[in-house]
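Using the numbering used here, you'd call the opening residue of the sequence shown number 33 and step up by one each time.
Positions of the beta carbon are idealized from the N, C-alpha and C atoms, including for glycine.
Accompanying notes for the structure given below.
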Amino acid sequence: MDNKSDRKSGFFSRLIKGLDKARQGFTHRVDELIKYYREIDDDFFDELEEILITADVGVNTTIEIVDELRDLVKEKKIGDAEKIKSLLKEKIISILANEDDFELNSPAVMLVVGVNGVGKTTTIGKLSALYKGQDKSVLMAAGDTFRAAATEQLQIWGDRAKVPVVSQKEGSDPAAVIFDAIQAAKSRNIDILICDTAGRLHSKKNLMNELGKIKRIIDREYTTAQKEVFLVLDATTGQNAITQAKLFQEAVGVTGIILTKLDGTAKGGIIVAIKSELDVPIRFIGVGEQIDDLQPFNPQDFVDALFE
Ligand SMILES: Nc1nc2c(ncn2[C@@H]2O[C@H](COP(=O)(O)OP(=O)(O)OP(=O)(O)O)[C@@H](O)[C@H]2O)c(=O)[nH]1
Ligand SMILES: [Mg+2]
């Protein structure tokens, strides 16, 4: 049996399962609309607009999508509502497409940031397992020294993924933990160092400055490494995710977004709003709490699964 396509199909079925709720709240409603109307008129577009906005696609992006579909329908003299579906799929794929394919070269450092509870630590566990599975050596840095149980939680993921963790005692300077971890990564020839950080409100200036300091340590201490700053956003928080992203972007410069808890929302459209309103690529998506519920983001697969 072909292993690669096997794994791929396993990936895809997890994605389909993870998007169950989003399909109910979004694409199944589009299907119903198409069935009901059969022929396209102004009311059809009004209702499509409402579905997209309710699904968290965001007002600006919804207007952009619907206007383009309107033009296409006129231009190509499309009367059949069923045809709208493939046009809508294509349009969403084109919005979601990244300019580049994500490639990770060794050595690499990933700094993982975001507000409280979005899934940073869990995602780091999943990322570690993902790269371990690709025969990369991984090291985790317990940069959340703020919460008593944070290091233990990361250690549990370290045990699961069979990846070592560099940590210091609670209350230590997170920048010092990251500094230590970089020295360890260098001396052990680690491919990928993944740094956890404490969740922080994007509106708290001093905490955001602390991230800036960590970022400067990484830049200064690990000049040879590929540096990524991943912002974790929780898909269930809706449009607030956009505000968070803008403030983290200002404070540390985000190189990629990891969108978690897509399995927990009927409003899967938030991914479209994030991609169209922010100039940052989406790199990974979280579709569950298990260790293999993180996937590299692929717009085509995502939209196929959403419209399954
Ligand atoms: N359903 C679902 N739950 C997730 C996903 N990712 C994370 N979670 C859950 O979200 C909760 C918070 O996850 P953590 O990893 O502790 O979040 P964090 O950002 O590290 O939190 P702080 O360190 O407190 O800021 C946990 O219960 C995770 O299991 C996901 O993709 N899907
Ligand atoms: Mg955490």
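A Cβ-Cβ contact shorter than 8 angstroms links S160 with I226. Taking a 10 Å sphere around the C-beta of P139, we find 16 or more other C-beta atoms and assign the residue as buried. Within the same chain, and ignoring the five residues on either side of T268 in sequence, the residues whose Cβ sits closer than 7 angstroms to its Cβ are K293, G296, T297. Taking every protein chain shown into account, the CB of S199 has 16 or more other CB atoms within 10 angstroms, so this residue is buried.
Under the three-state reduction of DSSP output, R192 falls in the helix class. At least one heavy atom of ligand 1 falls within 7 angstroms of the beta-carbon of E321. Under the three-state reduction of DSSP output, T177 falls in the coil class, being neither helix nor strand.
Per DSSP, E135 is not a residue of any beta strand (DSSP E), being assigned neither H nor E.
Note that the C-beta distance between Q187 and V197 is below 8 angstroms. For D266, the shortest separation between its Cβ and any heavy atom of ligand 2 does not lie below 7 angstroms.
Bounds of any alpha helix (DSSP H) do not take in E260; it lies within the beta strand (DSSP E) bounded by 258–266.
Annotated three-state conformation of D228 is strand, per DSSP. Ordered by chain, the residues meeting the criterion of a beta-carbon within less than 5 angstroms of a non-hydrogen atom of ligand 2 are K152, T153. The three-state reading of DSSP puts L291 in strand, counting E and B together. The region 96–110 and the region 226–240 do not touch, with fewer than 3 CB-CB distances between them shorter than 8 angstroms.
In the three-state reduction of the DSSP assignment, I95 falls in the helix class, which pools H, G and I. The nearest non-hydrogen atom of ligand 1 is less than 7 angstroms from the C-beta of N148. In this structure, the beta-carbon distance from V335 to V89 does not fall below 8 angstroms.
Taking the Cβ of K293 as the reference point, at least one heavy atom of ligand 1 falls within a distance shorter than 7 angstroms. Contact annotation: the region 321–335 touches the region 150–160, with at least three C-beta pairs closer than 8 angstroms.
The nearest non-hydrogen atom of ligand 1 is less than 7 angstroms from the C-beta of D176. In the three-state reduction of the DSSP assignment, G318 falls in the strand class.
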